[in-house]
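Trainee:
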Amino acid sequence: MASKSMKLGDEATTSLVWALIKSQYLVKPRRAPVGTDLSGQIAIITGASSGLGYQAAHHLLSLKLSHLIVAVRNQEKGDSAAAKLRADFPTAKIEVWLLEMTSYPSIQAFCRRAEAELPRLDITILNSGLMHLKFTKSETGHEEILQVNYLSTFLLAILMLPICKSKAPPGRPGRLTIVSSGTALFAKLSNRDKRPFLASFDDPEIFPFDPPDRYFSSKMLGHLFFVRMLEYLNADDVIVNLVEPGMVKGTGLQRDAKGIIGWVLGAWTSFWGRSVDDGAWMYVDAAVVKGKESHGCFLMDWEIHPFTKLVYQPDGKEIMDVLWEETLAEFEFAGARQILEACKKRDNHASKG
Numbered sequence: 005m006a007s008k009s010m011k012l013g014d015e016a017t018t019s020l021v022w023a024l025i026k027s028q029y030l031v032k033p034r035r036a037p038v039g040t041d042l043s044g045q046i047a048i049i050t051g052a053s054s055g056l057g058y059q060a061a062h063h064l065l066s067l068k069l070s071h072l073i074v075a076v077r078n079q080e081k082g083d084s085a086a087a088k089l090r091a092d093f094p095t096a097k098i099e100v101w102l103l104e105m106t107s108y109p110s111i112q113a114f115c116r117r118a119e120a121e122l123p124r125l126d127i128t129i130l131n132s133g134l135m136h137l138k139f140t141k142s143e144t145g146h147e148e149i150l151q152v153n154y155l156s157t158f159l160l161a162i163l164m165l166p167i168c169k170s171k172a173p174p175g176r177p178g179r180l181t182i183v184s185s186g187t188a189l190f191a192k193l194s195n196r197d198k199r200p201f202l203a204s205f206d207d208p209e210i211f212p213f214d215p216p217d218r219y220f221s222s223k224m225l226g227h228l229f230f231v232r233m234l235e236y237l238n239a240d241d242v243i244v245n246l247v248e249p250g251m252v253k254g255t256g257l258q259r260d261a262k263g264i265i266g267w268v269l270g271a272w273t274s275f276w277g278r279s280v281d282d283g284a285w286m287y288v289d290a291a292v293v294k295g296k297e298s299h300g301c302f303l304m305d306w307e308i309h310p311f312t313k314l315v316y317q318p319d320g321k322e323i324m325d326v327l328w329e330e331t332l333a334e335f336e337f338a339g340a341r342q343i344l345e346a347c348k349k350r351d352n353h354a355s356k357g
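Take 5 as the starting number for the sequence shown in the working numbering and just add one per residue.
1. Is the number of C-beta pairs between the stretch 295 to 308 and the stretch 243 to 255 that are closer than 8 Å three or more?
2. Taking Cβ to Cβ, would you say GLU334 is nearer than 9 Å to LEU155?
3. In chain order, what residues of the same chain have a beta carbon less than 7 Å from the beta carbon of ASP281, not counting five sequence neighbours either side?
4. Taking ALA333 as part of the beta strand (DSSP E), name the residues at either end of that continuous run.
5. Could you tell me which residues DSSP puts in a beta bridge with GLU99?
6. Considering only residues of the same chain and omitting the five flanking positions on each side of SER355, which have a CB-CB separation below 8 Å?
7. Are the beta-carbon atoms belonging to PHE220 and ALA188 less than 9 Å from one another?
8. Taking 9 Å as the cut-off, decide whether the C-beta atoms of GLY51 and SER132 are in contact.
9. Would the stretch 177 to 195 and the stretch 103 to 122 be scored as touching if the rule is three or more Cβ pairs under 8 Å?
10. Start and end of the beta strand (DSSP E) containing THR128?
11. Using the three-state DSSP reduction, which class does ALA47 fall into: helix, strand or coil?
12. On the three-pair Cβ rule with 8 Å, is the stretch 319 to 328 touching the stretch 25 to 33?
13. Please state whether the Cβ-Cβ distance between ALA284 and LEU12 is less than 9 Å.
14. Buried or exposed: ARG176, going by 16 or more other Cβ atoms within 10 Å of its Cβ?
15. My output table needs one value for LYS141: the three-state DSSP class, helix, strand or coil.
16. Taking the beta carbon of GLY82 as the centre, do at least 16 other beta carbons fall within 10 Å, making it buried, or is it exposed?
17. Suppose you measure from the CA of SER194 to the CA of LEU69; what does that come to, to the nearest Å?
18. Just tell me which of GLU345, GLN317 and ALA291 has its CA closest to the CA of LEU1.
19. Looking at the secondary structure, which residues open and close the beta strand (DSSP E) in which LEU180 lies?
20. Here's the rule: buried if 16 or more other CB atoms are within 10 angstroms of the residue's CB, otherwise exposed. What is PRO310?
21. Just grab the DSSP bridge partners of ILE308 for me.
22. Per DSSP, ARG278 is paired with what?
23. Give the straight-line distance between the Cα atoms of GLY277 and SER54, rounded to the nearest whole angstrom.
24. For VAL76 and MET251, I'd like the C-alpha separation in whole angstroms.
25. Can you tell me the Cα-Cα spacing of PRO94 and LEU159, whole angstroms?
26. So the alpha helix (DSSP H) VAL152 belongs to, where does it begin and stop?
27. Measuring only the C-alpha atoms, how far is GLU80 from SER43?
28. For LYS171 and ARG124, which I take to be in contact (beta-carbon distance under 8 Å), what is that distance rounded to the nearest angstrom?
29. Measure the C-alpha to C-alpha separation of GLY357 and SER84 and round it to an integer number of angstroms.
30. With DSSP collapsed to three states, give me the class of VAL31.
31. Terminal residues of the continuous alpha helix (DSSP H) containing LYS169?
32. Using only the alpha-carbon positions, how far apart do SER204 and ASP214 sit?
33. Looking at C-alpha atoms only, which residue of GLN151, ILE129 and GLU121 is the closest neighbour of ASP135?
This is how it looks when you write it as structure tokens:
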């Protein structure tokens, strides 16, 4: 199925001010349609101990979700979030599973657990993300914003693909929604000519560390990789999309911000931001309400939206090819390329059938 976002290149924008005005003031938030019923279904939400992830969990449970996996890096915070959710939804089964997004072994262990323990899986929302104000490296050796927002998120997405497919109910595709950001539309990616490309993010002498630009870039990489990944995906197996919740106040994304910088970020989001409640309904829209028409798309403001402009530009192909090969080389230990090839083979077989 062709991505509708790929057909919207003429509408791609790089105007941050206009995008903010449109998104935050001209768009009316939408709830799930009356009658939406998730009884009997199981969902995973990563980064669900607070902010958008927690609120999305609350929304899904309000739609009668039967079983929720709260995936978190901190057991105590996860238990606290789960206790609050259980108080509001005492009939639902709510579990806390540990997932450290800076650790490849943790990601692999999480996926093995999902494969082994879940009797079915209907909805997976990959929500984990961060922004640091200081250059920090993770245990993988990569800069941490790049690691969590791009590398770990897409490794987790690839490893979850066969699980989402095999554990979906008969006749219904699995659902995998990856949280992106409208900031991807405005990234400069000034290091796009550096080789090796991914390694340039890990050296501030090559690619100077600027927190907002680094965050924007990490989300742009997600767009570039996702577009290439679409060649391997089939909406009849798993509906996969990217979602942008909008600028949301009070999410804790800027939790490392202190002093004047923290004050400025707080004031900015307070002025422009939509509520956590509204932003989390965007997750529900992408993972539950939208159907196959959203497969392979970037969802923003409750509509199918263009990807970052670089996707449609002639020089975008080279950087997408480089990013694709370097990323799959990074994921070689996990068999990511083989997983994607297996997805593509099933797609080709289904087409011939």
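All residues carry an ideal CB built from backbone N, CA and C; glycine is no exception.
Mentor: On the basis of the data shown:
1. yes
2. yes
3. GLN59
4. Where ALA333 is concerned, there is no enclosing beta strand (DSSP E), although the alpha helix (DSSP H) it sits in stretches over 320 to 334.
5. GLU99 pairs with ILE73.
6. In this prediction, SER355 scores a pLDDT of 46, lower than 50, which makes its location untrustworthy; no coordinate-derived value is stated.
7. yes
8. yes
9. no
10. 127 to 130
11. strand
12. No, the stretch 319 to 328 is not in contact with the stretch 25 to 33.
13. no
14. exposed
15. If DSSP states are grouped into helix, strand and coil, LYS141 belongs with the strands.
16. buried
17. Going by the C-alpha atoms only, they are around 44 Å apart.
18. Within the shown structure, residues of the chain are numbered from 5 to 357, placing residue 1 beyond reach of any answer.
19. 178 to 183
20. Burial call: buried.
21. Listed as beta-bridge partners of ILE308 by DSSP are LEU303.
22. VAL252
23. 17 Å
24. 22 Å
25. 34 Å
26. Counting along the chain, VAL152 falls outside any alpha helix (DSSP H), and DSSP gives it neither H nor E.
27. 28 Å
28. 5 Å
29. Any reading at GLY357 must be qualified, since the residue scores a pLDDT of 44, below 50, and its modelled position is unreliable; the value itself is stated next. Near 49 Å, if we compare the C-alpha coordinates of SER84 and GLY357.
30. coil
31. 157 to 170
32. Taking the straight line joining both Cα atoms gives about 14 Å.
33. According to the sequence as given, residue 135 is Met; it is not Asp. Per the Cα distances, GLN151.
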